[in-house]
Every structure is written in structure tokens, then in C-alpha cells.
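Beneath this line is the structure, given in C-alpha cells, with notes to follow.
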Amino acid sequence: MEARRLQEKYKSQITLLVGLESENITNSSTTEIQNLISQYHLDYLVGSVHHVHETPIDFDLETFEIALSKSEGNVNSAEENLFASYFDAQYQILKDLKPMVVGHFDVIRIYRPNVELTDFLYKKIERNIEFVVGYGGLFEINSAGFKKLQCAYPQRDILKLIIEKGGKLTISDDCHSPQSVGMNYHELYDYLKEFNINELYYLDIDLEKPKEDRKVVVKVMKNVLELDFWNGKF
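What the sequence shown shows, in the UniProt record's numbering, is residues 1 to 234, in sequence order.
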């Protein structure tokens, strides 16, 4: 596997972890991901949801509207049903896979950022957060949210709840190309500062150990708001 080759080649210069980002499209999705993890002995997993009712919810507005149309009900609004299905799909990933990182927790809000989080939805969100806190997973603060929203993922209300529940936070730019590395981190700094987040967690692995002895561990970085990193001094 090319990723493993690069991990070994550059291990004296940089710590590279090999992992994948999950999906939950069909009933067999989590089983298929478990098989991939076992087959390739992956270092870690980012647990994310991009589909509801087998339809993309963060690709474009058109497909989001299709997912919304599949969520019509007799009691709750289509939006509330869609959001509920999203957080239930997320919970399934959390239970089945226990990902070390939870990706863009509330990306479902990308085209409906102001949807009311009713008690019905809030309980699902709280359930998911408490489950992740229970097994020690990390919550990603994702700067890609600034592309279409006025904040990162998760939005302020959910980030506040994660902090109150004792969740461990990490950061990501969600880059899909070299040109996107560090995207919107200048805004992310202000977001962290707004919540007085001065402690972040990250994954690490000792690549100098024999392969059979390597284990990914969670480490903490303190005083992150004071790092020269934010000024490009690295």
C-alpha cells in the first residue's frame, strides 16, 4: 500500500498515520468498514456521515433537497426528520466502530444552519456526545465549515455542549488537496479563542518501534493559542 510505503520512507521527518474516513450509506456500511480496517491494519478511523436515506447531504443543495424530500412525515417536519436520521446514522457508526476521531459532527447543517434543535434532536445529539466521551474519542473542530457558514463544524451550540460534557477536541482543515492545507485556520484561531479552547488533542504513533508493537495513542497539546504556528512561524 502506497500510504504505508510513504509512512516508512519519511518516518524520520514526519509522523504519518494511515487511516480512513467512514461512511454510513447502507445497512452494510459499518461491516464493510470493519473489514477494511482489519484487512489493511489501519492506524485510525475518522467517523463521519455524508449520506442520509442513501442520499448525499453535504455535496450540493440539489441532493440535500432530495434527502429532505425523503424525510417527509406526519408528525415532525421534514427537516427535523432528516436531522434525526443523520444523528441516528452517526450513532450507529459510533457504536459499531468507535472511531478515534468524530468528523464534522453537525455537517447536516450545511444547507440548514439555522434549523431549531428541538428537544427531540437535542437528546440525540447529547446521546452521541456522551457516547464518544465515554470511550475517549476526539471531536474534530473542522475549519471547512467557514467556506459556507460563519463558523466551523460543530456550530457554537453543539461545541459548547461538547465542552460542557468534557469532550476532547482536535482540529482539522478537511483538506482534499495540498492547496487546502491549513485552509481557514486564521478564522479557526478566533473560533478557539472565543471558547477559550487552549488545549487540543492529537493522535501519535512511534514509528521507530517494530510494526507489531506500534500503537496509536492520544496526546494533549497545551497552551495552543500561544503557539507560533498560528502566525506561520514554524
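We treat Cβ as the ideally placed atom computed from N, Cα and C, and that holds for glycine. Quantities reported herein were computed from a predicted structural model and do not represent experimental measurements.
Exposed unless 16 or more other CB atoms sit within 10 angstroms - verdict on Ile14:
So Ile14 counts as exposed.
For Phe234, which residues of its own chain have a beta-carbon under 7 Å away from its beta-carbon, when the five flanking residues on both sides are left out?
Note that Phe234 scores 42 on pLDDT, short of 50, meaning its location in the model is unreliable and no value can be drawn from it.
Using C-beta distances below 7 Å, list every residue in its chain close to Tyr135, excluding the 5 sequence neighbours before and after it, in chain order.
Taken in chain order, the residues that qualify are Lys98.
When the Cα of Leu159 is compared with those of Val107, Gln179, Leu6, His186, which residue comes out closest?
It is Val107.
Could you spell out the range, first to last residue, of the beta strand (DSSP E) harbouring Gly19?
Bounds of the beta strand (DSSP E) holding Gly19 are 19 to 21.
Give the secondary structure of His186 by DSSP, where H, G and I count as helix, E and B as strand, and everything else as coil.
Here His186 sits in helix by DSSP.
Could you spell out where the beta strand (DSSP E) holding Thr170 opens and where it closes?
According to the DSSP assignment, Thr170 belongs to the beta strand (DSSP E) that extends over 168 to 172.
Strictly by DSSP, which residues pair up with His51?
Note: His51 sits in a beta bridge opposite Pro56.
Residue range of the alpha helix (DSSP H) that includes Ile141:
That residue, Ile141, is in no alpha helix (DSSP H); its beta strand (DSSP E) goes 138 to 142.
Start-to-end residues for the alpha helix (DSSP H) that takes in Leu6
Start and end: 2 to 9.
Does the separation of the CB atoms of Leu161 and Ile125 fall below 9 Å?
Yes, they are a contact pair.
On the CB-based measure, 16 or more other CB atoms within 10 Å of its CB, does Thr26 come out buried or exposed?
Exposed, since its Cβ has fewer than 16 Cβ neighbours within 10 Å.
Quick test of your reading: Ser71 and Ala78, contact by CB under 8 Å. State the CB separation rounded to the nearest angstrom.
Sure, about 5 Å apart at Cβ, within 8 Å.
Measure the C-alpha to C-alpha separation of residue 244 and Phe59 and round it to an integer number of angstroms.
Absent from the structure is residue 244, since the part of the chain shown begins at 1 and ends at 234.
So what does Lys148 bridge to, in DSSP terms?
Residue pairing by DSSP places Lys148 opposite no residue, since no beta bridge is assigned to it.
Element boundaries [beta strand (DSSP E), containing Lys70]:
Segment: none, Lys70 is in no beta strand (DSSP E) and carries neither H nor E.
To the nearest angstrom, how far is the alpha carbon of Val224 from that of Thr55?
Rounded to the nearest angstrom, the two C-alpha atoms are 38 Å apart.
Rounded to the nearest angstrom, what separates Glu8 and Tyr191 at their Cα positions?
When rounded, the distance between both Cα atoms is 35 Å.
Between the alpha carbons of Gly103 and Lys211, how many angstroms are there, rounded?
Taking C-alpha positions only, Gly103 is separated from Lys211 by approximately 27 Å.
Counting beta carbon pairs with one atom in the stretch 143 to 160 and one in the stretch 175 to 189, are three or more of them shorter than 8 Å?
Taking a contact to require three or more Cβ pairs closer than 8 Å, the stretch 175 to 189 and the stretch 143 to 160 qualify as touching.
Counting only the same chain and skipping the five closest in sequence on each side, list residues whose C-beta sits under 7 Å from that of His50.
Counting only residues of its own chain and dropping the five nearest sequence neighbours on each side, His50 has a CB closer than 7 Å to the CB of Glu23, Pro56, Ile57, Asp58.
What's the call for Val217, buried or exposed, on a 16-neighbour Cβ count within 10 Å?
Exposed is the call here.
Member of Ser48, Ile163, Leu138, Asn142 whose CA lies at the smallest distance from the CA of Asp204
Of Ser48, Ile163, Leu138, Asn142, the residue nearest in Cα terms is Leu138.
Any idea if Val101 is buried or exposed, counting beta-carbon neighbours within 10 angstroms, 16 or more meaning buried?
Val101 sits buried, since 16 or more C-beta atoms from the chains shown fall within 10 Å of its C-beta.
Since Gly182 and Asp173 are thought to touch, with beta carbons under 8 Å apart, how far apart are those beta carbons, to the nearest angstrom?
Confirmed, Cβ separation roughly 6 Å.
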